[in-house]
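Below: one structure, written as structure tokens.
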Amino acid sequence: MNKGGAVVRSLLLGCGAYLPERVLTNAELASKVATDDEWIVARTGIRQRHIAAEGECTSDLATAAARRALEAAERDAKDIDLVILATATPDYTFPATATTVQANLGIHQGAAFDIQAVCSGFIYALATADNFLKAGQHKRALVIGAETFSRILDWEDRTTCVLFGDGAGAVVLEAGMGAGANSDRGILTTHLHADGRYRDLLYVDGGPSKTQTVGHIRMTGKEVFRHAVVNLAEVVGEALSATGLTPADLDWIVPHQANLRIIDGTARKLGIDTSRVVVTVGQHGNTSAASVPLALAEAMGDGRIQRDQLVLLEAMGGGFTWGSCLVRI
Ligand code: UT7
Numbered sequence: 046m047n048k049g050g051a052v053v054r055s056l057l058l059g060c061g062a063y064l065p066e067r068v069l070t071n072a073e074l075a076s077k078v079a080t081d082d083e084w085i086v087a088r089t090g091i092r093q094r095h096i097a098a099e100g101e102c103t104s105d106l107a108t109a110a111a112r113r114a115l116e117a118a119e120r121d122a123k124d125i126d127l128v129i130l131a132t133a134t135p136d137y138t139f140p141a142t143a144t145t146v147q148a149n150l151g152i153h154q155g156a157a158f159d160i161q162a163v164c165s166g167f168i169y170a171l172a173t174a175d176n177f178l179k180a181g182q183h184k185r186a187l188v189i190g191a192e193t194f195s196r197i198l199d200w201e202d203r204t205t206c207v208l209f210g211d212g213a214g215a216v217v218l219e220a221g222m223g224a225g226a227n228s229d230r231g232i233l234t235t236h237l238h239a240d241g242r243y244r245d246l247l248y249v250d251g252g253p254s255k256t257q258t259v260g261h262i263r264m265t266g267k268e269v270f271r272h273a274v275v276n277l278a279e280v281v282g283e284a285l286s287a288t289g290l291t292p293a294d295l296d297w298i299v300p301h302q303a304n305l306r307i308i309d310g311t312a313r314k315l316g317i318d319t320s321r322v323v324v325t326v327g328q329h330g331n332t333s334a335a336s337v338p339l340a341l342a343e344a345m346g347d348g349r350i351q352r353d354q355l356v357l358l359e360a361m362g363g364g365f366t367w368g369s370c371l372v373r374i
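Start counting the sequence shown at 46; every next residue gets the next number (our numbering).
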């Protein structure tokens, strides 16, 4: 519960996104693997996904989204002293892709590192940046979610290859003072969870230490679906009870864009009308850590999400990991 008294708030100043040029439609996919547009749309809501060009890396997507976020926030790269990049598809095993993005942007001060929480990565990164800003250790953060999942898909496995796509989204956070009330602008509360017992339901079957390969995504979709609806409704409930707010107080929900049925099911469970839920999964599929900022950038860019509105971000992914972030724009 926000009890009042001056506090540091992480203000969300601007958001940007980037999708690679190449679009892969359901119809084109159906010519390569045993699937069809009707099945994909009915089961997931996905109509197309974007695929990074040859040689186009996660850092390139992230840099493009970060530039747009800086522009929207009216801030210079030289003002940034923290770069956190959420990704499960880094350019290299090391160094962190965040350091490449930092260099691309000409930032030479502060810290830069990656966060790996798969589809929940952007929420984990937001929570991390918020705590650094609240602690006074950094002043202005670029928080990015960027993925090239096309590089870790098994293109012969129809149960996964139709679901994912490439993309990036970013926000600029800046430390400012608030009154400690729910009417403050900025991040009001964040909630993170993980339960590694569910690792085998959604994972990549390769890695530097275990197999010395990159590996491919493996998923038991039905089980992930079942957990997602329960966990996401719970973690949204946590954000509301931490602030003493109700679903009716939320102006928007910006959910992880994995499956329209999960998005609708979670909204129904919370009693939130779908007209207040931002949905972009149809245009880019599941872009993992990029999906929440991609949806946020679209709704902020087209004027749906307005200054002073209350927005709930949520995501769930491999691990399992899941989390929520309540922010007043
Ligand atoms: O980002 C967080 C992680 N990801 C998720 O949140 C994803 C969670 N899971 C899901 O979104 C859904 O479980 C899926 C979309 C992956 C699958 O939907 P479903 O309704 O759970 O379908 P299913 O796996 O039970 O498969 C139903 C049928 C099966 O055929 P049979 O066994 O009933 O004959 C599948 O073989 O659909 C078949 N199928 C397909 N058919 C056409 C599976 N994939 C495809 C496909 N095209 N691409």
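Backbone N, C-alpha and C define an ideal beta-carbon position, used for all residues, glycine too. Fair warning: this is a prediction, and the values are worked out from it, not measured in the lab.
Take L56 as the anchor and find which of G100, L178, A122 has the nearest alpha-carbon.
-> Here residue 56 is taken as the residue at index 11 of the sequence shown, counted from 1. Minimum Cα distance to L56 is reached at L178.
How many angstroms separate the CA atom of H261 from the CA atom of D202?
-> Locating residue 261 in the sequence shown gives position 216, where the first residue counts as 1. Locating residue 202 in the sequence shown gives position 157, where the first residue counts as 1. Taking the straight line from one Cα to the other gives about 10 Å.
Counting along the chain, where does the beta strand (DSSP E) carrying V326 start and finish?
-> Within the sequence shown, residue 326 is the residue found at index 281, counting from 1. Counting along the chain, V326 falls outside any beta strand (DSSP E), though it belongs to the alpha helix (DSSP H) covering 326 to 329.
Say the cut is 8 Å; is the CB of F167 nearer than that to a heavy atom of ligand 1?
-> The residue labelled residue 167 in the question sits at position 122 within the sequence shown. Result no, Cβ not under 8 Å from ligand 1.
Taking G231 as the reference, which of L150, L171, F209, M264 has the closest Cα?
-> By one-based count along the sequence shown, residue 231 stands at place 186. It is L171 whose Cα lies nearest to the Cα of G231.
Under the DSSP definition of a beta bridge, which residues are partnered with I96?
-> Taking the first residue of the sequence shown as position 1, residue 96 is located at position 51. Paired residue(s): R67.
Taking C-alpha atoms, which residue in R94, A335, Q257 lies nearest to I189?
-> One-based indexing of the sequence shown puts residue 189 at position 144. Closest by alpha carbon: A335.
Which term fits A79, buried or exposed, when burial requires 16 or more other beta carbons within 10 angstroms of its beta carbon?
-> On the sequence shown, position 34 is the one that residue 79 refers to. A79 comes out exposed.
Going by other Cβ atoms of all chains shown within 10 Å of its Cβ, with 16 needed for buried, is F139 buried or exposed?
-> Along the sequence shown, one-based indexing puts residue 139 at 94. With fewer than 16 Cβ atoms within 10 Å of its Cβ, F139 is classed as exposed.
Using alpha carbons as the reference points, say which of A186, E83, R88, D136 lies closest to F270.
-> In the sequence shown, counting from the first residue as 1, residue 270 sits at position 225. Ranking A186, E83, R88, D136 by Cα distance to F270 puts R88 first.
What is the rounded straight-line gap between the Cα of G100 and the Cα of R67?
-> Residue 100 sits at position 55 when you count from the first residue of the sequence shown. Residue 67 sits at position 22 when you count from the first residue of the sequence shown. Using only the alpha carbons, I get a separation of about 13 Å.
Can you round the beta-carbon distance between A98 and P65 to whole angstroms, since I take them to be within the 8 Å contact cut?
-> Here residue 98 refers to the residue found at position 53 of the sequence shown. Here residue 65 refers to the residue found at position 20 of the sequence shown. With a Cβ gap of about 6 Å, A98 and P65 count as contacting.
Proximity of P300 and A284 at Cβ, strictly below 9 Å | Your numbering for residue 300 matches position 255 in the sequence shown. Your numbering for residue 284 matches position 239 in the sequence shown. No, the Cβ-Cβ distance between P300 and A284 is not below 9 Å.
Three or more C-beta pairs below 8 Å linking the segment 204 to 214 and the segment 332 to 347 = yes
Pick helix, strand or coil for D309, following the three-state DSSP scheme.
-> Against the sequence shown, residue 309 aligns to sequence position 264. Helix, per DSSP.
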